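Enquirer:
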Amino acid sequence: MSNTLTQLSQQLGRLLLSRGWQIACAESCTGGQLAATITNTPGSSAYFSHGWVTYSDKAKQQLLGVRATTLAEQGAVSEAVAQEMAINAQCLANATVAIAITGIAGPSGGSNQKPVGLVCFAWAIDNAPVTSQQQQFLGDRTTIRQQATEHALSILCQHLKCIHG
Numbered sequence: 145m146s147n148t149l150t151q152l153s154q155q156l157g158r159l160l161l162s163r164g165w166q167i168a169c170a171e172s173c174t175g176g177q178l179a180a181t182i183t184n185t186p187g188s189s190a191y192f193s194h195g196w197v198t199y200s201d202k203a204k205q206q207l208l209g210v211r212a213t214t215l216a217e218q219g220a221v222s223e224a225v226a227q228e229m230a231i232n233a234q235c236l237a238n239a240t241v242a243i244a245i246t247g248i249a250g251p252s253g254g255s256n257q258k259p260v261g262l263v264c265f266a267w268a269i270d271n272a273p274v275t276s277q278q279q280q281f282l283g284d285r286t287t288i289r290q291q292a293t294e295h296a297l298s299i300l301c302q303h304l305k306c307i308h309g
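Residues 145 to 309 (the working numbering) are what the sequence shown spells out, left to right.
See below:
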C-alpha cells in the first residue's frame, strides 16, 4: 500500500474515532481495495463496520438494494448508482458514514460516453444529504483502482474536517 493511502487511512481513523462514528464501504471497480486500505490501519475495528464488493448489477441490487430502474436508466457507472450504494450501505450497516465507488478500471469495458478510468463516488455522512462526483483517471487497471481509492479517502477526510464534533 502506498504511503499516501496509509496516511489517509490513519487520518480517517482519527477523524472517525474522535466522533465515535462507524464507516461502511460499497465498492465495485476497486474490488475491496477501499475496505482493505481502511482495515489495514491497526485499531480499525473500532470504526470499520461493513464492506460490500458488488461488482455485478445483480449484486448491487441484491446486496445493496440499488433499484433496477436506476441501473437501467443511468448505468452502473453513474453518480445515481453510487448515491444509492452509499445511502443503502449506510442504512444497512447502521453506520454514520458510507463511501461508494463504481467505475471502469479497464483495460476494456469503456465507451465514448463512459471511457476507461471513469469512476463515480458517493459519500453519505451522518444525516447530511449524500454528495457525489465523478472523476476521470488515467493509467492501467491497478493505477486507476489506486487513484480511486485515494480520491475516495481524501474527499471523505476533507468532508469530515469540515464537520465540527
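Even glycine gets a Cβ: it sits at the ideal position worked out from N, Cα and C. All figures in this text were calculated on a predicted structure; none of them were measured in a lab.
#1: Grouping DSSP H, G and I as helix and E and B as strand, with all else coil, what is ILE243?
#2: Does the region 203-210 come into contact with the region 176-188, if we say contact requires no fewer than three beta-carbon pairs (one atom in each stretch) closer than 8 Å?
#3: Distance check for ALA216 and SER146, CA to CA, integer angstroms please.
#4: Quick check on VAL225: does DSSP put it in helix, strand or coil?
#5: Measuring alpha carbon to alpha carbon, tell me which of ALA244, HIS295, VAL274 ends up nearest VAL197.
#6: Taking 9 Å as the threshold (C-beta atoms), are LEU149 and LEU304 in contact?
#7: Taking the DSSP output, what are the residues bridged to THR275?
#8: Which partner residues does CYS169 have in the DSSP bridge list?
#9: I need the boundaries of the alpha helix (DSSP H) containing ASN256, first residue and last residue.
#10: Any beta carbon from chain C within less than 9 Å of LEU215's own beta carbon?
#11: Beta carbon of SER280, beta carbon of LEU262: below 9 Å?
#12: Under 9 Å, do ALA268 and THR174 count as touching if we go by C-beta distance?
#13: Between GLY195 and CYS169, which are expected to be in contact by the criterion C-beta below 8 Å, what is the C-beta distance as a whole number of angstroms?
#14: Look at ALA190 and LEU161 and say whether their C-beta atoms are less than 9 Å apart.
Expert: Taking the definition as stated:
#1: Residue numbering aside, residue 243 sits at position 99 when the sequence shown is read from its first letter. In this structure, ILE243 counts as strand in the three-state DSSP scheme.
#2: no
#3: Along the sequence shown, read from residue 1 onward, the residue named residue 146 stands at position 2. Along the sequence shown, read from residue 1 onward, the residue named residue 216 stands at position 72. The alpha-carbon atoms of SER146 and ALA216 are separated by roughly 36 Å.
#4: Reading the sequence shown from its first residue, position 81 is the one you call residue 225. Helix at VAL225.
#5: Reading the sequence shown from its first residue, position 53 is the one you call residue 197. It is ALA244.
#6: One-based indexing of the sequence shown puts residue 304 at position 160. One-based indexing of the sequence shown puts residue 149 at position 5. Not a contact, by the Cβ cut-off of 9 Å.
#7: To locate residue 275, count along the sequence shown from 1; it is residue 131. Its beta-bridge partners are TRP267.
#8: If you number the sequence shown from 1, residue 169 lands on position 25. Note: CYS169 sits in a beta bridge opposite GLY195, ILE243.
#9: What you label residue 256 is simply residue 112 of the sequence shown in a count that begins at 1. Run containing ASN256: none; DSSP gives neither H nor E here.
#10: The question asks about chain C, but that chain is absent: this structure has only one protein chain.
#11: Here residue 280 is taken as the residue at index 136 of the sequence shown, counted from 1. Here residue 262 is taken as the residue at index 118 of the sequence shown, counted from 1. One point to set straight first is that residue 280 is Gln, not Ser, in the sequence displayed. Yes.
#12: Locating residue 268 in the sequence shown gives position 124, counting from the first residue. Locating residue 174 in the sequence shown gives position 30, counting from the first residue. Not in contact: ALA268 and THR174 (Cβ atoms no closer than 9 Å).
#13: Position 51 of the sequence shown, counted from the start, is the residue given in the question as residue 195. Position 25 of the sequence shown, counted from the start, is the residue given in the question as residue 169. That belief holds up - the Cβ atoms of GLY195 and CYS169 are roughly 4 Å apart, short of 8 Å.
#14: Within the sequence shown, the letter at position 46 stands for residue 190. Within the sequence shown, the letter at position 17 stands for residue 161. For ALA190 and LEU161, yes; Cβs fall inside 9 Å.
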